[in-house]
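Per our numbering, the very first residue in the sequence shown carries number 37; after that it's consecutive.
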Amino acid sequence: MKSLAPMRDRVTEAEWATRVELAACYRLVARYGMADLIYNHITARVPGEEGHFLINPFGFLYEEITASCLFKIDLDGRVVERPDLPYEVNRAGFVIHSAVHAARHDVDCVIHTHTRAGMAVSVMECGLLPATQGALRFHDRLAYHDFEGPAVDEGERERLVSDLGSCDAMVLRNHGLLTCGRSVAEAFLLMNRLEMACRVQIDFMGANTPLRLPTPDVMTKTARVLAPPTFSGRQGTEASLGNWNGQREWSALLRQLERTDSSYQL
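Take a look at the structure:
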């Protein structure tokens with residue numbers, strides 16, 4: 037018989053901590069204008085449980101997500117632990133996120149969005165241009181995956197992870213954006229930066245004026261400075277300052293959430 041105990045009493049302390057962080061991430065994605073009603077997903081690997089990850093119930097707005105309402109599923113889409121809710125898991129979310137979690141053992145969190153700016157850049161043949169400092173964080177480290185229709189075909193998983201390779205961010209053509217990180221914080225900050233780079237690109241391309249791009253040498257230098265510590269074996273300035281994984285920003289963002297609405301922790 038299924039336990040009637042509260043979710044917090046049914047999971048380990050490590051899993052509960054991940055649930056709270058993931059719920060905070062959903063709230064922040066909504067707060068910063070990157071949600072799409074009840075669609076899209078943010079998933080996190082369950083600590084100490086091979087092949088298990090957490091995902092949102094299909095039917096909740098991001099601003100409603102709490103630590104207790106998350107489903108725990110395996111890489112085959114089977115529910116391992118379900119919340120006491122009359123909802124299920126969106127299959128499209130399972131296909132995309134299970135593909136990354138199965139192939140990339142260095143990844144603990146995956147975020148996929150359908151933002152206006154992200155979808156607009158996904159349609160552009162040029163992709164994300166190396167025009168701003170923010171965009172150069174992804175220079176030579178941004179993957180692209182061609183559109184195959186709604187992501188409900190499990191056969192697409194192999195092609196998706198092949199296109200992603202070792203990158204931590206990807207443009208899904210005619211679809212949206214994806215980032216993955218070694219923590220929830222890292223995945224969120226990557227998405228925030230990628231989204232902002234896309235918004236800025238829409239702005240300057242809409243101005244219909246000649247563009248001035250950095251020189252190739254400056255592009256390479258900037259990409260190296262902003263590189264995470266695993267990129268090409270080098271440590272960039274962000275890494276040397278201990279900020280490559282976004283923990284400084286993440287702590288500030290959690291304080292912002294707690295000042296306004298801490299219900300994500302329930």
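For each residue, glycine too, the CB sits at the ideal point set by N, CA and C. Keep in mind it's a predicted model, so treat the numbers as computed, not measured.
Exercise. Where does S134 land, buried or exposed, given buried means 16+ other C-beta within 10 angstroms?
Worked result: buried
Exercise. DSSP three-state call for W52: helix, strand or coil?
Worked result: helix
Exercise. Taking the alpha-carbon positions, what's the R248 to A66 distance?
Worked result: 33 Å
For this session: Count the CB pairs spanning the segment 173 to 189 and the segment 113 to 120 that are closer than 8 Å, and state whether there are at least three.
Result: no
Problem set entry | Collapsed DSSP secondary structure at D199 in the structure displayed | helix
Exercise. Which residues in the same chain as G170 place their Cβ atom closer than 6 Å to its Cβ, once the five residues preceding and following it in sequence are excluded?
Worked result: R229, M232 and A233
Exercise. Is the segment 254 to 265 touching the segment 104 to 113 in the sense that three or more CB pairs, one from each, lie closer than 8 Å?
Worked result: no
Problem set entry | Residue closest to C162, alpha-carbon to alpha-carbon, out of S298, V207 and Y68 | V207
Exercise. Where do the ends of the beta strand (DSSP E) carrying M70 lie?
Worked result: First-last for M70: undefined, no H or E at that position.
Exercise. Beta carbon of A139, beta carbon of I238: below 8 Å?
Worked result: no
Problem set entry | F174 classed as buried or exposed, judged by whether at least 16 other C-beta atoms fall within 10 angstroms | buried
Exercise. Does the distance from the CB of H150 to the CB of D72 come in under 8 Å?
Worked result: yes
For this session: Would you identify the three-state DSSP class for Y75, choosing helix, strand or coil?
Result: strand
For this session: Using only alpha-carbon positions, find the residue among D110, A153, A53 and F130 that is nearest to H77.
Result: F130
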